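To keep things clear, I will list the structure first and then write my remarks on it.
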Amino acid sequence: MAEPTSYQSYEPAGVTATIIAGALSIVAILIAFATGATRTLAREDTHVRPYFISLLLANFLQSFGTVMNAKWVHLGYVLGDNFCVVQGILKHAGNIATAMWAFMVAAHLFHLLFLRWKSTRVGLYLTLALGWSIIIFIVSLGPTVIADSTHGPYFGVSGLWCWITPDYPREQFFLEYFFEFFAAGVSFFLYTTILLRVRGNLMKCEGKWRLRWVPRGESWQLAISRDIIDSAMVRVATHMVWYPIAYSVLLLPIALARMTEFAMRVPSWATILCDVIFNLSGFINVVLLVMTKKLLPDTNTLPTFATPRKSLDLSSPAATGITPFLITSAQQEKESAPERRSLALARSDSNGSVSSVESDTAPLVRTRNQYSIRA
Numbered sequence: 001m002a003e004p005t006s007y008q009s010y011e012p013a014g015v016t017a018t019i020i021a022g023a024l025s026i027v028a029i030l031i032a033f034a035t036g037a038t039r040t041l042a043r044e045d046t047h048v049r050p051y052f053i054s055l056l057l058a059n060f061l062q063s064f065g066t067v068m069n070a071k072w073v074h075l076g077y078v079l080g081d082n083f084c085v086v087q088g089i090l091k092h093a094g095n096i097a098t099a100m101w102a103f104m105v106a107a108h109l110f111h112l113l114f115l116r117w118k119s120t121r122v123g124l125y126l127t128l129a130l131g132w133s134i135i136i137f138i139v140s141l142g143p144t145v146i147a148d149s150t151h152g153p154y155f156g157v158s159g160l161w162c163w164i165t166p167d168y169p170r171e172q173f174f175l176e177y178f179f180e181f182f183a184a185g186v187s188f189f190l191y192t193t194i195l196l197r198v199r200g201n202l203m204k205c206e207g208k209w210r211l212r213w214v215p216r217g218e219s220w221q222l223a224i225s226r227d228i229i230d231s232a233m234v235r236v237a238t239h240m241v242w243y244p245i246a247y248s249v250l251l252l253p254i255a256l257a258r259m260t261e262f263a264m265r266v267p268s269w270a271t272i273l274c275d276v277i278f279n280l281s282g283f284i285n286v287v288l289l290v291m292t293k294k295l296l297p298d299t300n301t302l303p304t305f306a307t308p309r310k311s312l313d314l315s316s317p318a319a320t321g322i323t324p325f326l327i328t329s330a331q332q333e334k335e336s337a338p339e340r341r342s343l344a345l346a347r348s349d350s351n352g353s354v355s356s357v358e359s360d361t362a363p364l365v366r367t368r369n370q371y372s373i374r375a
């Protein structure tokens, strides 16, 4: 059973820094909701906005759990009471939910921009219900099923704050870190494939996937395989890759610090620094959202995202943007010269005939007009 932790030396100041980081994320999230920043993601045939709102709510839970450290700073120690249990639940739920919805945003964009599949309202409701149900199930699994009297409470004192106690190391890894690493890795893969597909590097020809690279000065060749949706979203896709990169950079330090504790003692300052970085997740997501808003085109002018891509045969000259033409040899020029002269003379005779007809017809018309006037 985890014992109460008394703060020593610089630890109260360090934990205060985590509170400030969490509060910064909370303020950024509240401003994003108050100003309607997520409205830029709204479109009838996409569900990016509700999934991103879920991600920000997850960041809010995560940060609120960290701000609860204020009680421990005030007391000077961490006590395993009911307040501690609530903090552990919120931090665990926030971390799992952040991983879940970061992955869902990536999966939905893959669904839209790579696969070009149609999104339905029923699918949205099912995904939201299933996603939050899984989060609740994972969080409740520990204290209701896994916890026992031998190991003590599932949520309690865990270092400088409250979380899953050190008596459940496997649960710390498999019921949190695994999901976080999975979400970060798979999201990065999905965003990378989206970018390659939208840019035109990754394309499907004759039922086979092909990855092609062109020199920097010839990147115009990639535009051949893009349609209006890809062309409009290529800058957005390039920017969206930063979401999993940012999540990984924020997650990796605290995850490594926590897992290192399984084998050896980690200095408190290292754990504090890593947690400060991790609790900036909400703030960073809002910053990336604002940056995405500047790059996002007017999607209302675009066709539906379910519009199929055009097919392109790489063996055709159009795939490289070149229109073929023939260069004849000198011998072919010599042999075809009489034929071309005959055609030229025929055109000349034809033009002459038309001219003569016009010259012969004009006086007749004038004469007819003259007689009609005299009459």
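Here the sequence shown is numbered in UniProt numbering, starting from 1 and rising by one per residue. By construction, the Cβ of each residue, glycine as well, lies at the ideal position given by its N, Cα and C atoms. Computed from a prediction, not measured in an experiment: that's the story for all the values here.
Cβ shell of residue 64 (< 8 Å), same chain only, five flanking positions each side left out: Within the same chain, Cβ atoms closer than 8 Å to the Cβ of residue 64 are found at 22, 26, 90 and 94, the five residues on either side in sequence being excluded.
Cβ-based neighbour list, residue 347, same chain, cut-off 8 Å, excluding 5 preceding and 5 following: Bear in mind that a pLDDT of 49 at residue 347, under 50, signals an unreliable position, so the number given afterwards is only what the model happens to contain. Same-chain partners within the cutoff: there are none.
Straight-line Cα distance separating residue 244 from residue 196: For residue 196 and residue 244, the distance between alpha carbons rounds to 16 Å.
Beta-carbon gap between residue 256 and residue 281 smaller than 8 Å: Cβ distance not < 8 Å, so residue 256 and residue 281 don't count as in contact.
Host alpha helix (DSSP H) of residue 269 (start-end): First-last of the alpha helix (DSSP H) with residue 269: 268-278.
Assumed close pair residue 198, residue 246 - CB separation to whole angstroms, cut-off 8 Å: Here residue 198 is actually not in contact with residue 246; their C-beta atoms are around 20 Å apart, not less than 8 Å.
Residue 67 beta carbon less than 8 Å from that of residue 19: Result yes, Cβ atoms of residue 19 and residue 67 sit closer than 8 Å.
Residue 126 versus 144, 169, 50 and 263, residue with shortest Cα-Cα distance: Checked all of 144, 169, 50 and 263; the closest Cα to residue 126 is 50.
Cβ-Cβ separation, residue 101 to residue 15 (assumed contact under 8 Å), whole Å: Not really, about 27 Å apart at Cβ, beyond 8 Å.
Classification of residue 39 by the beta-carbon crowding that lies within 10 angstroms, buried from 16 upward: Result: exposed.
Range covered by the alpha helix (DSSP H) that runs through residue 157: Where residue 157 is concerned, there is no enclosing alpha helix (DSSP H), although the beta strand (DSSP E) it sits in stretches over 155-158.
Nonlocal neighbours in the same chain, by C-beta distance under 7 Å from residue 270, ignoring five residues either side: The answer, listed in chain order, is 257.
DSSP three-state assignment for residue 78, whether helix, strand or coil: Residue state, collapsed to three classes: strand.
DSSP state of residue 213 mapped onto helix, strand, coil: DSSP places residue 213 in coil when its eight states are reduced to three.
Spatial distance of residue 33 from residue 283 (CA atoms): Approximately 13 Å, taken between the alpha carbons.
As assigned by DSSP and simplified to three states, the class of residue 6: Strand.
Start-end ranges of the alpha helix (DSSP H) lying completely within the segment 71-144, minimum 4 residues: Those alpha helix (DSSP H) runs which fall completely within the segment 71-144 and span 4+ residues are 82-109 and 121-141.
Neighbourhood of residue 41 by C-beta distance below 7 Å, restricted to the same chain and skipping five residues each side: A distance below 7 Å between beta-carbons, with the five flanking residues on each side excluded, links residue 41 to the following residues of its chain, in chain order: 48, 49 and 52.
DSSP state of residue 284 mapped onto helix, strand, coil: Helix.
Inter-stretch contact at 8 Å, needing at least 3 Cβ pairs: the segment 156-166 / the segment 262-276: Proximity of the segment 156-166 to the segment 262-276 meets the contact definition, three or more beta-carbon pairs being nearer than 8 Å.
Straight-line Cα distance separating residue 252 from residue 288: Approximately 19 Å, taken between the alpha carbons.
Residues bridged to residue 204 [DSSP beta-bridge criterion]: Paired residues: 209.
CA nearest to the CA of residue 12, picked from 36, 69, 46 and 60: Relative to residue 12, the option among 36, 69, 46 and 60 whose CA is nearest is 69.
Of the listed residues 165, 183 and 155, nearest to residue 83 (C-alpha basis): The option with the nearest alpha carbon to residue 83 is 155.
Through-space distance from residue 4 to residue 86, alpha-carbon basis: The straight-line gap from Cα to Cα measures roughly 16 Å.
Residue 36 in three-state terms, based on DSSP: In this structure, residue 36 counts as coil in the three-state DSSP scheme.
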